[in-house]
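*Asks:*
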Amino acid sequence: DIRGMAHITGGGLPENLPRVLPPGLDFILDKRKIPVTPVFSLLQSAGNVPETDMYRTFNMGIGFVLVISPGDFASFEREMDKQGEKYFLIGEVVPGEGKVLFKQ
Numbered sequence: 476d477i478r479g480m481a482h483i484t485g486g487g488l489p490e491n492l493p494r495v496l497p498p499g500l501d502f503i504l505d506k507r508k509i510p511v512t513p514v515f516s517l518l519q520s521a522g523n524v525p526e527t528d529m530y531r532t533f534n535m536g537i538g539f540v541l542v543i544s545p546g547d548f549a550s551f552e553r554e555m556d557k558q559g560e561k562y563f564l565i566g567e568v569v570p571g572e573g574k575v576l577f578k579q
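Here the sequence shown stands for residues 476 to 579, where the numbers follow this note's numbering.
Below is the structure:
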């Protein structure tokens with residue numbers, strides 16, 4: 476099952492992901508699993524941009540997020556691989572207060 480879809484626009488990951496959460500849940504995003512392309516590293520260092528602003532303003536290159544039920548992820552993976560689509564497992568949904576939390 477696809478449980479939610481978020482087009483990451485203004486406000487980035489922190490402001491767009493909560494819109495697809497039912498009450499009582501948080502997203503925990505693992506920064507180690509979000510591939511940072513060289514252009515974002517350059518923007519951050521050249522502009523002295525705080526990391527929080529990089530996720531809010533530039534999304535770190537993530538433009539669309541799907542929320543997939545854990546039991547359906549293997550099927551999703553097979554289909555994406557079959558279609559030649561790139562995807563990244565960047566986090567999980569856990570009980571919480573409707574926030575997006577980042578972990579290292």
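For glycine and all other residues, C-beta sits at the position ideal for the given N, C-alpha and C.
Once you ignore the five residues that flank Y562 on each side, which residues in its own chain have a CB closer than 6 Å to its CB?
*Replies:* Within the sequence shown, numbered from 1, the residue matching residue 562 stands at position 87. In the same chain as Y562, and ignoring 5 residues on each side of it, the C-beta atoms closer than 6 Å to its own belong to M555, in chain order.
*Asks:* If you draw a straight line from the alpha carbon of E560 to that of E552, how long is it in whole angstroms?
*Replies:* For the purposes of this step, residue 560 is taken as residue 85 along the sequence shown, with counting starting at 1. For the purposes of this step, residue 552 is taken as residue 77 along the sequence shown, with counting starting at 1. So the alpha carbons of these two residues sit roughly 9 Å apart.
*Asks:* Going by the CB atoms, is the gap between V575 and F502 shorter than 8 Å?
*Replies:* As a working note, residue 502 is residue 27 in the sequence shown. As a working note, residue 575 is residue 100 in the sequence shown. Yes, these two residues count as a Cβ contact at 8 Å.
*Asks:* Within 10 angstroms of its Cβ, does A416 collect 16 or more other Cβ (buried), or is it exposed?
*Replies:* In the structure as shown, the chain starts at 476 and stops at 579, and residue 416 therefore has no counterpart that could be examined.
*Asks:* Start and end of the beta strand (DSSP E) containing T514?
*Replies:* Against the sequence shown, residue 514 aligns to sequence position 39. Note that residue 514 is Val in the sequence shown here, rather than Thr. Run containing V514: none in the beta strand (DSSP E); it sits in the alpha helix (DSSP H), 513-521.
*Asks:* Who are the Cβ neighbours of M535 in its own chain at under 7 Å, not counting the five residues just before and after it?
*Replies:* Stepping through the sequence shown from its first residue, residue 535 is reached at position 60. For M535, where only same-chain residues beyond five positions count, the Cβ hits under 7 Å are I509, V511, F515, M529.
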